[in-house]
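Residue numbers (the working numbering): -17 to 81. Even glycine gets a Cβ: it sits at the ideal position worked out from N, Cα and C. As the structure is a prediction and not an experimental result, all values here were calculated from the model.
See below:
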């Protein structure tokens, strides 16, 4: 049950990040597959890419810790990691002056 809940959280957060890139593409008129655009778009795109690059490592560590240690504790640590990723995404997406 813990692993299923964590998967739902990961999928939801990944979808949220992807939707933010879609909204930024529309807002700044950046057509796919281009990744070049104004700095505001590039920050959102890069924040999403950074998070996506680390999700396979996160899932592997989460599974291993759940398998060899406490599933509840692993799930709690996973939630903290995902919350940190959300804060990272929001912070990275802002202009440097606004951070």
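Scanning the region 35 to 75 for uninterrupted alpha helix (DSSP H) segments of 4 residues or longer gives 53 to 75, listed from N- to C-terminal end.
With respect to the 8 Å criterion, residue 29 and residue 75 are classified as neighbours on the basis of their beta carbons. Using a C-beta cut-off of 8 Å, the region 47 to 55 makes contact with the region -16 to 0, since at least three inter-stretch Cβ pairs fall below that distance.
Straight through space, the alpha carbons of residue -7 and residue 66 are spaced by roughly 16 Å.
Under the DSSP assignment, residue 2 falls in the alpha helix (DSSP H) whose first and last residues are -16 to 10.
The three-state reading of DSSP puts residue 21 in helix, counting H, G and I together. Nearest to residue -1 by C-alpha distance, out of 77, 79, 78, 69, is 69. Leaving aside the five residues that flank residue 44 on each side, the residues in its chain whose CB is nearer than 7 Å to its CB run, in chain order, -12, 56, 60.
In the three-state DSSP reduction, residue 13 falls in the coil class, being neither helix nor strand. Taking the Cα positions, residue 63 is about 30 Å away from residue 12.
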